[in-house]
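Numbering of the sequence shown is given in this note's numbering, commencing with residue 90 and proceeding in unit increments. Here is the structure we will look at, set down as structure tokens.
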Amino acid sequence: MTTTVIAGGRILDQAGERSGDVLVDDETGLIVEVGPSLSGDRTLDATDSVTVPGFVDLHAHLRQPGNEAAETILSASRAAAKGGYTAVIAAPDIEPCADSASVVSDVMALGAVALCDVVPAAAISVGRSGEELAPLGELADLGVRLFSDEGHGVQNAGFMRNALDYASSVGTVDGAPLVLAQRCDVASLSIGAQMHEGEWSSRLGLGGAPAEAEELMVMRDIALARLTGARVHFQCLSTAGSIAMVRAAKAGGVAVTAEVTPHHFTFTHEACSSYDTNTKVSPPLRTTDDVAAIKAGLADGAIDAIATDHAPHAPDDKERPFDQTSAGVIGLETAFAVALTELDIDLAAIVGLLSWQPAQIAGLADRHGRTIEVGAPANLAVIDPHHRWIVKPSELSSRSRNTPFAGRELTGKVRHTIHHATPVVENFEATR
Ligand SMILES: [Zn+2]
């Protein structure tokens with residue numbers, strides 16, 4: 090047994106902010122003492138820093154199995170730990186697709202060596218093809234709570250209704266409901282899209298996806314959530330119209346939740362005029378009004394979580410011309426710092442959007458995002474909210490380098506991360 094004390098800092102969680110040391114024990118994985126002037130076998134200095142519940146990413150593409158040139162579960166988990174994450178939901182669009190108990194079990198086995206909890210999401214339909222329902226009940230028994238077809242989302246309304254009806258009939262497993270997560274995009278409206286359809290796509294002569302491609306599916310799935318009573322989670326919302334609909338749906342008592350990404354509240358479609366392939370994302374970067382609506386939604390609770398949509402692509406992919414490259418950017422290591430730098434909301438709200446709110450959606454609230462008290466699992470991040478740093482792609486832990494934040498100065502960095510009471514990041518560096 091080795092105990093570690095996080096010493097000299099403040100504590101911030103759902104119960105508020107206070108000063109105090111935190112003592113954790115790696116044998117039980119639990120917090121064993123909280124209070125002033127504690128000592129342990131080893132000490133993590135938290136002077137001028139804040140101990141918070143570890144972050145939970147609802148949406149990250151870890152690429153293993155299938156595309157280990159871009160990322161592995163281990164390399165992604167190292168990036169996640171450096172970003173303060175103690176749990177990451179692994180997107181199911183791997184090769185083979187995570188639509189069966191055997192593939193989900195493989196991901197769980199690979200995750201055993203990771204620096205954070207790797208929790209698989211599974212596909213809604215077999216092969217994410219939208220034709221045959223995946224065995225949601227069997228997958229839920231394995232521990233899957235979040236299901237998504239990724240890509241353009243489930244296109245057929247009848248199929249989505251059946252999937253929601255089935256999820257609803259399964260009910261809760263270990264106290265958590267099944268959640269169908271949807272990447273909303275009516276595919277027939279975004280054929281050939283390279284960016285947002287608007288002023289800049291016209292100027293640049295690139296094909297665009299209109300805001301309506303996203304909004305029509307958000308509208309449909311709010312209606313289906315109301316009809317079936319099942320839980321729908323909207324992934325990476327990008328338009329003002331989507332956020333307004335989600336806000337209104339929640340006010341009307343419909344069980345929907347939503348996430349946004351750091352890149353969607355930092356950049357607009359104008360960024361694509363650089364032809365930097367790290368501005369090509371899906372859904373695309375939108376307008377100034379959309380960015381303002383995302384920020385307003387984060388401030389007033391219309392949006393529940395910040396998720397990364399971490400999408401590693403190997404350099405030879407992102408070095409192609411704009412219209413031939415894959416969409417997506419990495420984000421695990423920068424999400425907290427970008428949020429703190431870009432958003433005009435307080436630290437507690439940002440930590441809630443990164444930690445206990447996504448933990449709740451993912452059915453992980455027993456292990457992550459917990460109040461920092463004796464007996465709680467020791468999944469923690471220690472953040473220095475004043476640390477200024479410049480993003481250098483070569484220093485990131487992901488196997489891929491496709492960050493849109495290269496060269497940007499950010500304020501706030503994760504100093505230590507503690508996973509199951511074991512330090513996995515110490516003084517800004519991963520321990521393994
Ligand atoms: Zn995604």
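Quick reminder that beta carbons are idealized off the backbone N, C-alpha and C, glycines included.
Contact between L147 and L235 holds, with the beta-carbon distance rounding to 7 Å and staying under 8 Å. In this structure, DSSP gives P466 an extended state, which the three-state scheme calls strand. In this structure, D389 lies away from A347, with their beta-carbon atoms at least 7 Å apart. Classified as exposed, H475 has fewer than 16 neighbouring CB atoms from the shown chains inside 10 Å of its CB. For E239, the shortest C-beta to heavy atom distance toward ligand 1 is below 6 Å. The three-state secondary structure of S279, taken from DSSP, is coil. Boundaries of the alpha helix (DSSP H) around F354: 351-355. D398 has its Cβ nearer than 6 Å to a heavy atom of ligand 1. The stretch 190-267 is shown to contain whole alpha helix (DSSP H) runs of 4 or more residues at 190-199, 225-231, 246-259, in chain order. As a beta-bridge residue in DSSP terms, P142 pairs with L469. Taking 7 Å as the cut-off, the beta carbon of D195 is found no closer than this to the beta carbon of A212.
By DSSP's assignment, G124 forms a beta bridge with D110. In the three-state reduction of the DSSP assignment, L119 falls in the strand class. Remark: C-beta atoms of R504 and F517 approach each other more closely than 7 Å. Annotation note: the stretch 352-424 contains the following uninterrupted alpha helix (DSSP H) runs of length 4 or greater, listed N- to C-terminal: 377-389, 404-407. A residue is called buried when at least 16 other Cβ atoms come within 10 angstroms of its Cβ; K481 does not meet this threshold and is exposed.
For P447, the CB contacts under 6 Å within the same chain, skipping 5 residues up- and downstream, are V145, L147, A394 in chain order.
Scanning E286, L228, F411 for the CA closest to the CA of T357 turns up E286. Take the alpha-carbon of A276 and the one of A416: they are about 15 Å apart.
Under the 10 Å beta carbon count, M90 is surrounded by fewer than 16 other beta carbons and is classified as exposed.
The DSSP-derived three-state label of D310 is helix. For R131, the secondary structure class from DSSP, reduced to helix, strand or coil, is strand. If the five residues before and after R217 are omitted, its C-beta is found closer than 8 Å to the C-beta atoms of P181, D182, C186, D188, D238, E239, G240, all from its own chain and listed in chain order. DSSP places L443 in the uninterrupted alpha helix (DSSP H) bounded by 436-443. A391 is not a Cβ neighbour of V345, given a cutoff of 7 Å.
Within the same chain, L151, Q153, L199, G200, A203, V207 come within 6 Å of I162 by CB-CB distance, once the 5 residues on both sides are set aside. In the displayed model, M284 falls within a strand according to three-state DSSP.
F354 and L442 do not touch by the CB rule: their CB atoms are close to 11 Å apart, not below 8 Å.
Between A282 and P410 a beta carbon distance of about 16 Å is seen, past the 8 Å cut, so the two are scored as non-contacting.
According to the DSSP assignment, I162 belongs to the alpha helix (DSSP H) that extends over 162-171.
Per DSSP, G501 lies in no alpha helix (DSSP H); the unbroken beta strand (DSSP E) holding it starts and ends at 498-508.
Check the Cα spacing between T423 and each of G172, G386, G97, G143: the tightest is with G172. DSSP places A179 in the uninterrupted beta strand (DSSP E) bounded by 174-179. Distance from the Cα of W289 is smallest, within the candidate group R315, A360, A302, L127, for A360.
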